[in-house]
Amino acid sequence: MTSPFVVAVPSKGRLQENAEAFFSRAGLTLTKAGGARDYRGTITGLDNVEIAYLSASEIAANLARGAVHLGITGEDLLRENIVDTDKRVALIEGLGFGRADVVVAVPQAWIDVRTMADLDDVATGFRDKHDRRMRVATKYINLTRAYFASHGVMDYRIVESAGATEGAPATGAAELIVDITTTGATLAANGLKVLDDGVMLRSQANLVASRHADWSPAARETARVILDHIAARARASKYKEVRTRFAGCNQALLDEAHNRFGVVSPFGGPTSSGMVTLHCPPAQIYALGSFLRDHGAETVSVASLDYVLDRENPLFAKLEAFLR
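Shown next, in the form of structure tokens:
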């Protein structure tokens, strides 16, 4: 019996909602036979696919050991928990949700500390004065060590945070923190500021592939089908379809439209009757319509695109290159 192709999806909250919506927009409907509380699911129409609902950190761990083929999780968790991240997993596509920055934040009262170089000076002085190293509260131990080392900061020790990291300086548990933030409002409310060069990683949810999963020919074909849906939807979202017909429509005119408005001609140049179908970035629709009418078009129609299936799929090509 063929092993299922496993896709790991966040099991709760906004990440789950956004992940399911992402697949749905691509024409891939996730279903749970056992109801909302079930931790296993399927994709309608793809009988050999199993959806595993896991926490974001569990997804990272399962990707690392090859227990799932594809997963949706944050880049911060991947880079914190997987040694040699780029060798063991491939970030196939950034999904635009679950955004958070991993940052170095210090008390606002440290008015002379604005950069990592300033922090290095303070750390040295702190050790001389207190006969101990400055404490950094964080859940991101590996990221912190790598980032501090890259800036030559050595006089510190990590205090692993189990709760609300941003409160550590106020309670005296640490002098500064490394944590995630989206708006910075929580940091500010706790009297903290981000160093000018203290953004360690700009993270978001990613569609991720595992190198160590069982990539049989059947599994690769399943991945191709899934990534075809996703790539087709992504391409469609970048364009509107524009149709027109007029005698003056020729290749030279389309070349000018391409150069000025980023237009592409998916089906080639105009027909003998002057009929042409174009794909145009949404922001350029009115400018293109005016351009075409100025050159003789009486009517220009515009329609939304659901999917654009090309022969070449950049997402699957990225996966294939990674597995090679």
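Taken in order, the sequence shown gives residues 172 to 495; the numbers are from this note's numbering.
Where is the CB? At the ideal position from N, CA and C, for every residue including glycine.
Short check: CB of residue i to CB of residue j, under 9 Å?
{"i": "Thr309", "j": "Glu331", "result": "yes"}
{"i": "Tyr410", "j": "His466", "result": "no"}
{"i": "Ala376", "j": "Gly237", "result": "no"}
{"i": "Asp286", "j": "Asp368", "result": "The question names Asp, but residue 286 in the sequence shown is Thr. Going by C-beta atoms, Thr286 is nearer than 9 Å to Asp368."}
{"i": "Val284", "j": "Ile243", "result": "no"}
{"i": "Ala341", "j": "Asn361", "result": "yes"}
{"i": "Leu241", "j": "Ala394", "result": "yes"}
{"i": "Asn313", "j": "Val254", "result": "yes"}
{"i": "Val413", "j": "Ser472", "result": "yes"}
{"i": "Glu246", "j": "Leu486", "result": "no"}
{"i": "Leu201", "j": "Thr213", "result": "yes"}
{"i": "His400", "j": "Tyr318", "result": "no"}
{"i": "Ala389", "j": "Val239", "result": "no"}
{"i": "Pro453", "j": "Leu363", "result": "no"}
{"i": "Leu199", "j": "Val275", "result": "no"}
{"i": "Val349", "j": "Tyr311", "result": "yes"}
{"i": "Arg391", "j": "Leu494", "result": "yes"}
{"i": "Pro441", "j": "Leu425", "result": "yes"}
{"i": "Ala345", "j": "Val370", "result": "no"}
{"i": "Ser387", "j": "Thr215", "result": "no"}
{"i": "Ala223", "j": "Tyr210", "result": "yes"}
{"i": "Leu266", "j": "Ala227", "result": "no"}
{"i": "Ala235", "j": "Asn252", "result": "yes"}
{"i": "Gly439", "j": "Gln455", "result": "no"}
{"i": "Val447", "j": "Leu217", "result": "no"}
Would you give the residue range spanned by the alpha helix (DSSP H) that residue i belongs to?
{"i": "Asn430", "result": "422 to 432"}
{"i": "Thr315", "result": "312 to 321"}
{"i": "Glu491", "result": "485 to 494"}
{"i": "Pro340", "result": "339 to 342"}
{"i": "Phe462", "result": "456 to 465"}
{"i": "Lys258", "result": "256 to 259"}
List the residues that DSSP assigns as beta-bridge partners of residue i.
{"i": "Phe297", "result": "Phe297 pairs with nothing; no bridge assigned."}
{"i": "His450", "result": "Glu412, Val435"}
{"i": "Asp350", "result": "Val274"}
{"i": "Glu264", "result": "Leu378"}
So with Cβ pairs under 9 Å, would you call residue i a contact of chain D?
{"i": "Ser182", "result": "Of the chains in the structure shown, none is chain D; there is only one protein chain."}
Can you list, in chain order, the residues of its chain whose CB lies under 6 Å from that of residue i, leaving out five sequence neighbours each side?
{"i": "Phe297", "result": "Met305"}
{"i": "Leu480", "result": "Ala403"}
{"i": "Arg382", "result": "Arg259"}
{"i": "Glu221", "result": "Pro175, Val177"}
{"i": "Ala271", "result": "Ile351, Thr353, Ser374"}
{"i": "Asn189", "result": "Phe268"}
{"i": "Ala288", "result": "none"}
Following the continuous beta strand (DSSP E) through residue i, name the residue where it begins and the one where it ends.
{"i": "Ala276", "result": "271 to 278"}
{"i": "Ala308", "result": "305 to 309"}
{"i": "Arg328", "result": "327 to 331"}
{"i": "Ala474", "result": "471 to 475"}
{"i": "Val180", "result": "176 to 181"}
Ordered along the chain, which non-local residues of its own chain (more than five positions away) have a Cβ less than 8 Å from that of residue i?
{"i": "His171", "result": "Residue 171 lies beyond the range of the chain shown here (172 to 495); nothing can be said about it."}
{"i": "Thr256", "result": "Leu249, Arg250"}
{"i": "Asp326", "result": "Asp291, Ala294, Thr295, Phe297, Arg298, Arg304, Met305"}
{"i": "Leu398", "result": "Ile263, Asn484, Leu486, Phe487, Leu490"}
Apart from the five residues just before and just after residue i, which ones in its own chain have a Cβ nearer than 7 Å to its Cβ?
{"i": "Gly445", "result": "Arg416, Phe417, Ala418, Cys420"}
{"i": "Gly323", "result": "Asp291"}
{"i": "Leu463", "result": "Thr415, Val471"}
{"i": "Ser475", "result": "Lys411"}
{"i": "Ile405", "result": "According to the sequence displayed, residue 405 carries Ala and not Ile. Cβ within range, chain order: n/a, list empty."}
{"i": "Gly338", "result": "Asn361"}
{"i": "Lys329", "result": "Note on residue identity: the sequence assigns Ile, not Lys, to residue 329. If we look at Ile329 and ignore the five residues flanking it on each side, its Cβ neighbours are Val307, Thr309, Ile312, Thr315."}
{"i": "Ala468", "result": "Thr415, Phe417"}
Open item on the list: So within the segment 359 to 437, which uninterrupted beta strand (DSSP E) runs reach at least 3 residues, ignoring any that extend past its ends?
Closed with: 363 to 374, 376 to 381, 411 to 416
- [ ] Kindly provide the ranges of any alpha helix (DSSP H) runs that are 4 or more residues long and lie completely inside the segment 191 to 248, ordered along the chain.
- [x] 227 to 236
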